[in-house]
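Worksheet: the structure to be examined is printed underneath.
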Amino acid sequence: MNAVWTVFRKELLDAFRDRRMVLVALVVMPLAVPLLLAGLSTLGMRKQAEQLERTLELPVVGREHAPNLLAWLATHDVRVIDAPADPEAAVRGQRHEAILRISPSYAEDWRAGRPASLELVYDSSRPLQSGATVARLRGLLDAYDREVGALRLVARGIHPSVAQPLRLGSRDVATPESRFDLAQQMLPYLLLLLAFVGGMQLAVDATAGERERQSLEPLLATPASREAIISGKILATAAFTLLSLLATLVMYRVAFTFVPENRVDASLAVPADALVKLLLVVLPVVLLGATVLTALAAFARSHREAQGYLPLLIFLPMLPTLYLMVAPVKTRAWMLAVPFLGQNQLILRVLRGERIAPFEWALSLGAGALLVVAVWWLAARLYHREQLAASG
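Each residue of the sequence shown is one higher than the one before, counting from 91 in my numbering.
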């Protein structure tokens, strides 16, 4: 145990002597990730508010056919403008978000009491650019449709409720804590990525780097067992990564206190106990990442080769995020035992303020611990290779 502590302390001291590593891990990343997410949230809310509150300029084809409709739209902050000669090309070229086309037979159908035809031209492949505008227009046209329909029924002596046999109510059980925007939904992937490869520089330098500097062979020649040496290096990498994650989460909480909540029905505050839970959730990934990185550094022939595995490692935490984006599923118990997938689900539940049962904690942490032990055994076998200390 003394050997593990000695190696652990030595690797941490070496890491903190590297000012560039400390700057990136404890300053740049903890600032960059929260500021990125908070900035995206603020920008998204501001853009959505602008789209909903600004005067909507609506190009209309055949505006002379429906003067009453256009006058009604004008009372709802819609300014009708001349339409381009080719509406489809104008929308496709992003010169307009949406264009309303009124059928030439609109007036005749209207007077005859038949459904009058309208066509909304928009590009569904750009929901972020025009989605709010299209939804706003659909809502206004639906409201006009209901209003005119009710007036027609009243004119015929029929109560409007006759045409509405159902009265549908809604009850949203979501809490303000469980609502978060797209920017915050990126947090699970970013946390898992930092937890898994955040200690890359330290892990690689502690094995492949020392081998190239020819300082690994004297360490291996000491009476300390190789299992103790690799355990000390893994724990140092994990501790350094956890410190970087802690700084990131603290800055995440600070950054979102400056995001305005007055325009969203959601709570952007992150309680202190949630930060502790998030650290506990990613702890198995931190240990797994430190062990995998140390094993790769022992397997690689050089510092450069070890760093060449980074793109593959970055891809692994991305898999559950991509899967859940295209196929959202209800959390099952077995999922919590799957690396990255279980942590992804638990992070979302912590952010939503949902309770996590002791059994679920035990399953996630236990499965992660078993995987870490298995990878540690493989890394220890690599540390017993005779060519480990040979440079080049």
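Glycine included, each C-beta is placed from N, C-alpha and C at the ideal position. As the structure is a computational prediction, the values presented were derived from the model and not from experiment.
If you draw a straight line from the C-alpha of residue i to the C-alpha of residue j, how long is it?
| i | j | result |
| --- | --- | --- |
| residue 178 | residue 398 | 48 Å |
| residue 297 | residue 410 | 30 Å |
| residue 280 | residue 342 | 12 Å |
| residue 145 | residue 216 | 21 Å |
| residue 115 | residue 289 | 8 Å |
| residue 175 | residue 236 | 31 Å |
| residue 386 | residue 292 | 13 Å |
| residue 203 | residue 254 | 19 Å |
| residue 195 | residue 133 | 43 Å |
| residue 453 | residue 123 | 29 Å |
| residue 259 | residue 127 | 35 Å |
| residue 207 | residue 338 | 55 Å |
| residue 440 | residue 392 | 40 Å |
| residue 129 | residue 451 | 32 Å |
| residue 282 | residue 372 | 7 Å |
| residue 466 | residue 218 | 45 Å |
| residue 443 | residue 428 | 22 Å |
| residue 136 | residue 422 | 37 Å |
| residue 367 | residue 455 | 12 Å |
| residue 261 | residue 449 | 31 Å |
| residue 232 | residue 147 | 18 Å |
Which same chain residues end up closer than 6 Å to residue i when comparing Cβ atoms and leaving out the 5 residues on each side of it in sequence?
| i | result |
| --- | --- |
| residue 458 | 374 |
| residue 377 | 328, 462 |
| residue 149 | 171, 173, 186, 189 |
| residue 98 | 322, 325, 326 |
| residue 365 | 339 |
Look at the Cβ atom of residue i, then the Cβ atom of residue j, and state whether they are nearer than 8 Å.
| i | j | result |
| --- | --- | --- |
| residue 318 | residue 93 | yes |
| residue 180 | residue 151 | no |
| residue 159 | residue 234 | yes |
| residue 213 | residue 182 | yes |
| residue 430 | residue 407 | yes |
| residue 334 | residue 111 | no |
| residue 425 | residue 435 | yes |
| residue 412 | residue 369 | no |
| residue 403 | residue 294 | no |
| residue 125 | residue 345 | yes |
| residue 156 | residue 192 | yes |
| residue 277 | residue 437 | yes |
| residue 419 | residue 131 | no |
| residue 221 | residue 285 | no |
Per DSSP, what kind of secondary structure is residue i in: helix, strand or coil?
| i | result |
| --- | --- |
| residue 313 | coil |
| residue 211 | strand |
| residue 292 | helix |
| residue 156 | coil |
| residue 248 | coil |
| residue 474 | coil |
| residue 195 | coil |
| residue 429 | coil |
| residue 256 | coil |
| residue 324 | helix |
| residue 459 | helix |
| residue 205 | coil |
| residue 342 | helix |
| residue 392 | coil |
| residue 399 | coil |
| residue 446 | coil |
| residue 305 | coil |
| residue 419 | coil |
| residue 106 | helix |
| residue 349 | coil |
| residue 410 | helix |
Starting from residue i, follow its DSSP beta bridges and name the residues at the other end.
| i | result |
| --- | --- |
| residue 190 | 150, 210 |
| residue 169 | 147 |
Once you ignore the five residues that flank residue i on each side, which residues in its own chain have a CB closer than 7 Å to its CB?
| i | result |
| --- | --- |
| residue 89 | The shown model of the chain, from 91 to 482, leaves out residue 89, and the question about it has no answer. |
| residue 390 | 298, 396 |
| residue 121 | 341 |
| residue 469 | 320, 381, 384, 385, 388 |
| residue 360 | 342, 343, 346 |
| residue 330 | 102, 105, 115, 289, 292 |
Following a CB-centred definition, is residue i positioned closer than 7 Å to any heavy atom of the ligand MG?
| i | result |
| --- | --- |
| residue 160 | As presented, the structure is devoid of all ligands, the ligand MG included, so that no description of it is given. |
Below 8 Å CB to CB, which residues in the same chain sit around residue i once its five sequence neighbours on both sides are set aside?
| i | result |
| --- | --- |
| residue 96 | 314, 322 |
| residue 249 | 243 |
| residue 230 | 163, 166, 168 |
| residue 472 | 385, 388, 389, 478 |
| residue 239 | 250, 253 |
| residue 154 | none |
| residue 200 | 156, 206 |
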